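So the structure is just underneath, and the comments pick up after that.
Residue numbers (the numbering used here): 29 to 646.
Next up, the structure:
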């Protein structure tokens, strides 16, 4: 009996100390250690002009604040709903609305903070102007949650939208973001500044842009000099950048793991990671952007099993799949790289002080390159190894320029390239042994450009090789190229993240069974290419047409432009008639003639010799 009597008071004390207190929200409220508070439902308005917090927690521990059915208006966008400093074990949950503050939660030097199921939206917002990524916590932009020098905290299940930052963390460690909606902000969904070992999983950070200006360095996720973080299964699409990561002027290794994210539809880069070491990018969607991955001055980087398609852009480099300027020791493996302006672009641009990187030591292995205007472009890249890649239906497959010391191409599959399989415009020899070529032996040499074409360049050593099934020869052109089962593909010079599709139209046509229908958001610089159909035996069919008895190129065409700001129609264009060795006639159009096809079907007849409406060059 004595033992039971001793425990009962302790149990009663424990229950009483965790009992929930129900009270209305008051300005300048300071809870005590151990408080568990449920605020009375209602609509409150507190301007917090002193910026010390409507609720102020300094040097406290183990406090729970429940704001279920509580809406708080900060009135002037200048203060904080909750101010935390030097505190730990704080839980903030269920606030129905916190709006028109600078930040709803402002936490400094805290540990074990939990923010869950709150709506902290519609706080301070900027719609235009450039963002300086170097700015530290004293120049924070405002938004939902701010943390500086905080550790071991959880932010989960919240809505923080329509403001500058969803959440901003500075100098933090081991912060977990899970299941939040940080979409439709105008600076960053999540801003990380010198913050390490964090987990960012299953968040929606899409549509982060500045609507009145260029995206201006805004991004779904900013990682500034932040290392050892895990970023998985997030929606980072339709933002200035999907991921914007940089370690410029920072000595630490990046070592970030970024996987299974949707980073597509960026007007800039689906993923940008620069001046950084040891990052891993796996299973991400990096489509319909200017660049899929822009990794300038990156080293020891792994790009594996990503989907990188339909990337091209308006800037001078015209965008593409993967771009790395002055990187080294990088691995690009098992990716699908299709329908880009360039699939992979590696080069040495102008030096950026204090970095002295050269471009060297790349492994490009087991990737699928399909329908790119250029699959692999390498300029001044030493020790490049391309092996096990499948390259088909690209306009050009591999182009090498400048210093190419010990560059090798092996065990790759080349098929149905409109231009060259391998183009060597380097003075160095390229070792290209044991590749598979789907072509006749005499055509293989024609599809390889080296010293045999110009003595100033090195040789492509492509023997020995494996020859695929020789293609069948189509000696007579079909009556109509725009008929199934012919194949057409679209190569992008510039796309600006637009969708493009090609299909047969059996209803709207002028002759034959179908017309070729191209639907594109690209706006300009679309290059359509004809390939003969697959042969009756299932192999490649190669066109070999003698045109001596043919005096004209003839076709019907019409087009429609739905952009209400475009009143000039097609500005320039051309028709090319080429051979299998990269030679062609180009017929440049007169825009005034072609624009007669805006709306109605028009018939065009181009003399093979050209004329004033179709100027021929070779």
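For every residue, glycine included, the Cβ atom is placed at its ideal position computed from N, Cα and C.
Keep in mind it's a predicted model, so treat the numbers as computed, not measured.
Which residue marks the beginning of the alpha helix (DSSP H) containing residue i, and which one marks its end?
i           : result
residue 620 : 619-622
In the structure shown, what three-state DSSP assignment does residue i receive?
i           : result
residue 165 : helix
residue 474 : helix
residue 293 : coil
residue 718 : Outside the displayed span of the chain (29 to 646) sits residue 718, for which this structure offers no information.
residue 576 : coil
residue 282 : coil
residue 510 : coil
residue 518 : strand
residue 68  : coil
residue 625 : helix
residue 523 : Low confidence applies here, because residue 523 scores a pLDDT of 44, under 50, leaving its location unreliable; read the following figure in that light. If DSSP states are grouped into helix, strand and coil, residue 523 belongs with coil.
residue 138 : coil
residue 642 : strand
residue 132 : strand
residue 530 : strand
residue 216 : strand
residue 191 : coil
residue 267 : coil
residue 127 : strand
residue 491 : coil
residue 582 : strand
residue 159 : coil
residue 82  : coil
Would residue i and residue j be called neighbours here (beta carbons separated by less than 8 Å)?
i           : j           : result
residue 493 : residue 455 : no
residue 277 : residue 252 : no
residue 109 : residue 65  : no
residue 411 : residue 438 : no
residue 264 : residue 307 : no
residue 417 : residue 389 : no
residue 173 : residue 143 : yes
residue 298 : residue 321 : yes
residue 88  : residue 115 : yes
residue 529 : residue 508 : no
residue 52  : residue 73  : no
residue 106 : residue 77  : yes
residue 113 : residue 82  : no
residue 397 : residue 422 : yes
residue 592 : residue 513 : no
residue 333 : residue 357 : no
residue 200 : residue 178 : yes
residue 608 : residue 474 : yes
Starting from the Cα of residue i, find the closest Cα among the options and give me that residue.
i           : options            : result
residue 413 : 511, 432, 83       : 432
residue 657 : 333, 143, 239, 223 : Because the chain is modelled from 29 through 646, residue 657 falls outside the range shown and cannot be assessed.
residue 161 : 179, 114, 218, 130 : 218
residue 71  : 49, 86, 126, 115   : 126
residue 290 : 250, 230, 538      : 230
residue 313 : 388, 194, 260      : 260
residue 170 : 489, 76, 216       : 216
residue 647 : 630, 614, 626      : Nothing can be reported for residue 647: it is not among the residues displayed for the chain, which extend from 29 to 646.
residue 384 : 398, 326, 364, 396 : 326
residue 316 : 333, 332, 370, 210 : 370
residue 285 : 151, 258, 575, 266 : 258
residue 348 : 309, 399, 377      : 399
residue 61  : 75, 54, 55, 84     : 84
residue 404 : 480, 448, 386      : 448
residue 197 : 182, 209, 190      : 182
residue 103 : 124, 129, 111      : 129
Where does the unbroken beta strand (DSSP E) through residue i begin, and where does it stop?
i           : result
residue 310 : 308-310
residue 554 : 554-559
residue 595 : No beta strand (DSSP E) holds residue 595; DSSP gives it neither H nor E.
residue 649 : With the chain covering 29 to 646 only, the question about residue 649 has no answer from this structure.
residue 177 : No beta strand (DSSP E) contains residue 177, which DSSP labels as neither H nor E.
residue 277 : Segment: none, residue 277 is in no beta strand (DSSP E) and carries neither H nor E.
residue 502 : 500-502
residue 228 : 227-229
residue 93  : 89-94
residue 602 : 602-606
residue 58  : It is not in any beta strand (DSSP E) - residue 58 carries neither H nor E in the DSSP assignment.
residue 635 : 630-635
residue 322 : 319-322
residue 236 : Note, residue 236: premise wrong, no beta strand (DSSP E); not H, not E.
residue 204 : 201-206
Can a CB atom of chain D be found closer than 8 Å to the CB of residue i?
i           : result
residue 276 : As a matter of chain content, chain D is missing from the structure shown, which is built from one protein chain.
Using a threshold of 7 Å, is the CB atom of residue i nearer than that to any non-hydrogen atom of the ligand GTP?
i           : result
residue 558 : Inclusion of the ligand GTP in the displayed structure is not the case, the ligand content being empty and no account of it being possible.
Check your understanding: For the segment 374-457, which segments carrying the beta strand (DSSP E) assignment without a break, of at least 3 residues, lie completely within its bounds, in sequence order?
Key -> 388-393, 396-398, 402-407, 410-415, 418-420, 424-429, 436-438, 441-443, 450-453
Check your understanding: Residue ranges of each beta strand (DSSP E) run of no fewer than 3 residues wholly in the segment 324-359, ordered along the chain?
Key -> 330-332, 335-337, 348-353
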